[in-house]
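Student: Going down the list, the sequences are from chains A and B.
To get this note's numbering, take the position in the first sequence, counting from 1, and add 3.
To get this note's numbering, take the position in the second sequence, counting from 1, and add 3.
Note that CB positions come from ideal geometry on N, CA and C, so glycine has one too.
Take a look at the following structure, please.
There are 2 protein chains.
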Amino acid sequence: MMVSTKGRYALTVMVDLAKLSDGGYVSLSDIAERENLSMKYLESIISILNKGGLLQSLRGKNGGYKLARSPEEYSINEILLLTEGTLAPVNCIMQDGVQCEKAATCSTLPLWAGLDKVIEQYLSKITLDDIIKGNRKKMLGDYCDQCDSE
Amino acid sequence: MMVSTKGRYALTVMVDLAKLSDGGYVSLSDIAERENLSMKYLESIISILNKGGLLQSLRGKNGGYKLARSPEEYSINEILLLTEGTLAPVNCIMQDGVQCEKAATCSTLPLWAGLDKVIEQYLSKITLDDIIKGNRKKMLGDYCDQCDSE
DNA sequence: TATAAATCCTACCACCGCGGTAGGAATAAG
DNA sequence: CTTATTCCTACCGCGGTGGTAGGATTTATA
Numbered sequence: 004m005m006v007s008t009k010g011r012y013a014l015t016v017m018v019d020l021a022k023l024s025d026g027g028y029v030s031l032s033d034i035a036e037r038e039n040l041s042m043k044y045l046e047s048i049i050s051i052l053n054k055g056g057l058l059q060s061l062r063g064k065n066g067g068y069k070l071a072r073s074p075e076e077y078s079i080n081e082i083l084l085l086t087e088g089t090l091a092p093v094n095c096i097m098q099d100g101v102q103c104e105k106a107a108t109c110s111t112l113p114l115w116a117g118l119d120k121v122i123e124q125y126l127s128k129i130t131l132d133d134i135i136k137g138n139r140k141k142m143l144g145d146y147c148d149q150c151d152s153e
Numbered sequence: 004m005m006v007s008t009k010g011r012y013a014l015t016v017m018v019d020l021a022k023l024s025d026g027g028y029v030s031l032s033d034i035a036e037r038e039n040l041s042m043k044y045l046e047s048i049i050s051i052l053n054k055g056g057l058l059q060s061l062r063g064k065n066g067g068y069k070l071a072r073s074p075e076e077y078s079i080n081e082i083l084l085l086t087e088g089t090l091a092p093v094n095c096i097m098q099d100g101v102q103c104e105k106a107a108t109c110s111t112l113p114l115w116a117g118l119d120k121v122i123e124q125y126l127s128k129i130t131l132d133d134i135i136k137g138n139r140k141k142m143l144g145d146y147c148d149q150c151d152s153e
């Protein structure tokens, strides 16, 4: 499992906020109820998104959260990277370019590096807007068996 | 982390066996020593490869393991899938097509399905032979900064 | 100004998979 | 019959995942 519930719920929250982004603040309890998720657990996740600058928050009554930018300005890669810490498929690939000491002679390293790039490339080109618009062609590519009806 | 040491070591073993495949059996202790890995831990991993039919084994003195087929007939996807159980990037994607009960209304599902396909596609096209030949162009694609020297 | 509704902060915890270790039984070559 | 090997079962510490609990702080509104 590359993406745990932390990252998945984070994306769910971002999508939820993007769907009803009318400029107002949305409370955490509303989101948790709509998405049927534990509010307390969501709290810790939304805190990461907030501190990372992806959200704006307002405390006190009628407070809540809203997107800091418009949906097409968030890549999925950015959201997942912030919450998960890393999206590397294996331990021996670090995100900051640090390498294993056996790197020079490791014959499997190019494979892992290639896999990492493929994943990053995919997640970087998809935006929050693609998700709320249901852009299946972009997300599923040639494998989308329903794209001809769109 | 999508691929744990179990899958990584499994691939290392397969690559090791592929590199010196002269038809004879190679002992586990030889592999462990060459790759500098715990022999006892490797034992449990190579057992999975053996039971899965990827290897042939011979017990007793001068026994060991060897590849059941030639290197170009193994996809990396096959090796990792067997040892890891699943390569799905998230919990809500099952490998046998089973779906979450919210699947019909889940707006993030196409993203995870697309990511899963991208990963599977990449790992399926690379073979054990590509790794021992060091086929960087195939593994690293456009990102290979050393491919022009080949 | 009191109250309610919300974010923010710190601490805690059960469970499970990962990454091994240990010891011995069965098998085959010499 | 000894030695080298695979094969099998059992065990275990550690850290991360997926939460829960409780309260402090901030803000809008009656």
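Taking buried to mean at least 16 other C-beta atoms within 10 Å of its own C-beta, is A13/B buried or exposed?
Tutor: Position 10 of the second sequence holds residue 13/B. Buried, by the Cβ-count rule.
Student: Enumerate in chain order the residues of its own chain whose CB-to-CB distance from L85/B is below 6 Å, with the five nearest sequence positions on each side excluded.
Tutor: Residue 85/B sits at position 82 when you count from the first residue of the second sequence. The answer, listed in chain order, is G55.
Student: Taking the straight line between their C-alpha atoms, what separation do you get for I48/A and V29/A?
Tutor: Reading the first sequence from its first residue, position 45 is the one you call residue 48/A. Reading the first sequence from its first residue, position 26 is the one you call residue 29/A. Taking the straight line from one Cα to the other gives about 15 Å.
Student: Taking only three categories from DSSP, how would you classify V6/A?
Tutor: Walking along the first sequence from the start, residue 6/A turns up at place 3. Correct three-state label for V6/A: coil.
Student: Between the stretch 60-67 of chain A and the stretch 120-130 of chain A, do three or more beta carbon pairs fall short of 8 Å?
Tutor: Segments in contact, no.
Student: Just to confirm the assignment, what range does the beta strand (DSSP E) spanning L61/B have?
Tutor: As a first step, residue 61/B must be located in the second sequence, where it is residue number 58. Note, L61/B: beta strand (DSSP E), 58-61.
Student: Do you know offhand how far R62/A's Cα is from T8/A's?
Tutor: Counted from its first residue, the first sequence places residue 62/A at position 59. Counted from its first residue, the first sequence places residue 8/A at position 5. So the two alpha carbons sit approximately 26 Å from each other.
Student: Measuring alpha carbon to alpha carbon, tell me which of S50/B, L23/B, G27/B ends up nearest R37/B.
Tutor: Reading the second sequence from its first residue, position 34 is the one you call residue 37/B. Among S50/B, L23/B, G27/B, the Cα nearest to that of R37/B is on L23/B.
Student: Could you tell me which of L131/B, G88/B, N94/B, V6/B sits nearest to L70/B, measuring between CA atoms?
Tutor: Counting from 1 along the second sequence, the entry for residue 70/B is found at position 67. Comparing Cα-Cα distances from L70/B to each of L131/B, G88/B, N94/B, V6/B, the minimum goes to L131/B.
Student: By DSSP, does K43/B sit in helix, in strand, or in coil?
Tutor: The residue labelled residue 43/B in the question sits at position 40 within the second sequence. The answer is helix: DSSP assigns K43/B an H, G or I state.
Student: Among residues of its own chain, excluding the 5 on either side of D133/B, which ones have a beta-carbon nearer than 7 Å to its beta-carbon?
Tutor: Numbered from 1 along the second sequence, position 130 holds the residue referred to as residue 133/B. Excluding residues within five positions, the ones whose Cβ falls inside 7 Å are K141, M142.
Student: Can you round the beta-carbon distance between M5/B and M97/A to whole angstroms, since I take them to be within the 8 Å contact cut?
Tutor: Here residue 5/B corresponds to residue number 2 of the second sequence, with the count starting at 1. Here residue 97/A corresponds to residue number 94 of the first sequence, with the count starting at 1. Actually they are not in contact, since the Cβ atoms of M5/B and M97/A sit about 15 Å apart, beyond 8 Å.
Student: Using CA atoms only, rank isn't needed, just tell me which of I135/B, L20/B, P74/B is closest to S32/B.
Tutor: As a first step, residue 32/B must be located in the second sequence, where it is residue number 29. Looking at the Cα atoms, L20/B is the closest of the given residues.
Student: Identify the residues that DSSP records as bridge partners of K69/A: which are they?
Tutor: Here residue 69/A is taken as the residue at index 66 of the first sequence, counted from 1. Bridge partners of K69/A: Q59/A.
Student: Starting from Y125/B, follow the alpha helix (DSSP H) in both directions and report where the run begins and ends.
Tutor: Counting from 1 along the second sequence, the entry for residue 125/B is found at position 122. Looking at the DSSP string, the run of the alpha helix (DSSP H) that includes Y125/B is 112-128.
Student: For V16/A, which residues does DSSP report across the bridge?
Tutor: On the first sequence, residue 16/A is found 13 positions in, with the first residue counted as 1. In DSSP, V16/A forms no bridge with anything.
Student: So which of G10/B, S60/B, R11/B, N138/B has the shortest CA-CA distance to G27/B?
Tutor: Here residue 27/B corresponds to residue number 24 of the second sequence, with the count starting at 1. The residue with the shortest Cα to Cα distance from G27/B is S60/B.
Student: Using a Cβ-Cβ cutoff of less than 8 Å, which residues in the same chain neighbour P92/B once the five nearest sequence positions on both sides are dropped?
Tutor: Translated into positions along the second sequence, residue 92/B becomes position 89. Result list for P92/B: M5, W115, L118, D119, I122, in chain order.
Student: Closer than 8 Å, CB to CB, is S73/A near chain B or not?
Tutor: Taking the first sequence and counting its residues from 1, one reaches residue 73/A at position 70. Not closer than 8 Å to any Cβ of chain B, the Cβ of S73/A fails to qualify, so no.
Student: CB-CB under 8 Å to C150/A, same chain, minus the five flanking residues each way: which ones, in chain order?
Tutor: The sequence position of residue 150/A within the first sequence is 147, counting from 1. Unreliable placement is indicated for C150/A, whose pLDDT of 42 sits below 50; no coordinate value is reported for it.
Student: Note down, in chain order, every chain A residue with its Cβ under 8 Å from the Cβ of T111/B.
Tutor: Here residue 111/B refers to the residue found at position 108 of the second sequence. Going along chain A in sequence order, the residues near T111/B (Cβ under 8 Å) are R11, L14, T15, V18, I134.
Student: Which of the three DSSP states, helix, strand or coil, is assigned to S152/A?
Tutor: The residue labelled residue 152/A in the question sits at position 149 within the first sequence. The predicted position of S152/A is uncertain, since its pLDDT is 33 and thus under 50; a value taken from the coordinates is nonetheless stated next. Of the three classes helix, strand and coil, the one that applies to S152/A here is helix, per DSSP.
Student: What residue range does the alpha helix (DSSP H) around S32/A cover?
Tutor: For the purposes of this step, residue 32/A is taken as residue 29 along the first sequence, with counting starting at 1. Here the alpha helix (DSSP H) through S32/A covers 31-38.
Student: Check this for me: beta carbons of T108/A and V18/B, under 8 Å apart or not?
Tutor: Position 105 of the first sequence holds residue 108/A. Position 15 of the second sequence holds residue 18/B. Not a contact, by the Cβ cut-off of 8 Å.
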